[in-house]
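The block underneath contains the structure these notes are about, expressed in structure tokens.
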Amino acid sequence: MPLSSASALPPLRMAVVGHVEWVEFLAVDQLPRPGAIGHALRTLEEPAGGGAVVAVQMARLLKQPVQFFTALGRDAVGDACVKRLEQLGLEVHVAWREAPTRRGLSLVDDEGDRAITVIGERLTPTLADPLPWAELADCDGLFVTAADAPLFKACRAAAVLAATPRVRLPVLQEAEVALDALIGSGLDPGERLDPAQLTPPPQTLIRTEGAAGGLSLPGGRYAPAPLPGPMVESYGCGDSFAAGVVTGLAARWSLAQSIALGAQCGAACATRFGPYG
């Protein structure tokens with residue numbers, strides 16, 4: 089279903105620097121319990137993780153390719169990630185690693201509750217990787233989910249730069265980059281970052297709270313968008329929200345308009361099995 093606000097977006101050059109996880113999604117009759125045997129009612133395998141989900145959502149909003157800079161293992165899973173992400177509208181730039189591509193397992197029950205297990209280390213692109221980093225300076229908007237500090241500094245060449253706290257605090261602190269927005273979950277303790285820990289602090293801090301909407305500083309509380317269909321699961325909703333917000337900011341929309349677009353993206357994701365439908 090098309091998003092009501094997206095048709096007003098101008099042509100934009102967008103990019104994501106971040107990570108991928110090859111995820112097997114299972115709709116189960118019950119979440120795992122000690123000693124119990126559960127059954128998968130539906131299965132799906134996709135390249136997911138924050139970087140991939142944000143980039144695909146941006147490409148769908150703009151109806152044009154989005155550049156995605158990532159790191160993958162030199163294995164069959166890594167090759168499958170590239171093939172599928174290109175099918176989903178991304179121009180993929182890969183730093184190949186000898187370590188295996190990270191995988192994951194996401195389980196959701198019939199009430200929308202879920203559990204996620206990741207397998208292996210997150211593979212992170214770095215500025216030392218021979219990728220076309222000079223193209224970042226031509227970007228209207230850029231979102232980062234994984235990078236080393238030198239690469240994060242180089243990302244500031246984009247007109248609008250946003251990131252998730254999952255980049256990790258030591259990287260954010262070492263880079264000392266002025267972020268236009270820091271967007272993370274207000275419900276995940278691993279993403280609750282005090283902006284006073286960063287120098288300089290981000291211009292905007294957004295903490296998502298799922299179906300309750302969230303909090304923007306500045307801006308205050310914002311409401312969620314209505315679901316365009318039945319609730320299925322929440323995997324990728326926060327990343328889809330971030331994609332909408334950053335795309336709106338890159339289009340020079342107001343913060344309120346950008347958050348409203350992000351909320352529509354998150355709501356649409358909640359009606360899909362897997363992040364892309």
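Numbering (the working numbering), first residue to last: 89 to 365.
A virtual CB, placed ideally from N, CA and C, is assigned to each residue, including glycine.
| query | result |
| --- | --- |
| On the DSSP bridge list, what partners appear for residue 181? | 157 |
| Closer than 8 Å is the cut-off here; do at least three beta carbon pairs connect the region 355 to 364 with the region 303 to 316? | yes |
| Residue range of the alpha helix (DSSP H) that residue 335 falls in? | 325 to 338 |
| Checking 9 Å against the spacing of the C-beta atoms, do residue 101 and residue 175 come in under that value? | no |
| Tell me the DSSP secondary structure of residue 170 in three-state form. | helix |
| Is it true that the CB of residue 228 sits closer than 9 Å to the CB of residue 188? | no |
| Residue 322 and residue 301 - do their beta-carbons sit closer together than 9 Å? | no |
| Given that a residue counts as buried once 16 or more other Cβ atoms are within 10 Å of its Cβ, and exposed if not, what is residue 95? | exposed |
| For residue 247, which of 278, 339, 307, 359 has the nearest alpha-carbon? | 339 |
| Nearest CA to the CA of residue 320: which residue from 253, 146, 152, 116? | 116 |
| Below 8 Å on the Cβ atoms is my contact criterion, and I expect residue 153 with residue 179 to pass it. Report the Cβ-Cβ distance as a whole number of Å. | 5 Å |
| Starting from the C-beta of residue 244, find all residues in its chain whose C-beta is less than 6 Å away, skip the five residues before and the five after it, and write them out in chain order. | 265 |
| So which of 128, 139, 131 has the shortest CA-CA distance to residue 326? | 139 |
| Measure the alpha-carbon distance for residue 110 versus residue 104 and round it to whole angstroms. | 17 Å |
| If residue 307 and residue 343 are in contact, beta carbons under 8 Å, what's the gap, nearest whole angstrom? | 5 Å |
| For residue 250 and residue 231, what's the separation of their Cα atoms in angstroms? | 5 Å |
| To which residues does DSSP link residue 309 through a beta bridge? | 303 |
| From 254, 257, 216, 258, pick the residue whose C-alpha is nearest to that of residue 242; which is it? | 216 |
| Is residue 268 buried or exposed, if buried means 16 or more other CB atoms sit within 10 Å of its CB? | buried |
| Classify residue 120: buried if its beta carbon has 16 or more other beta carbons within 10 angstroms, exposed otherwise. | exposed |
| So, are the CB atoms of residue 213 and residue 159 less than 9 Å apart? | yes |
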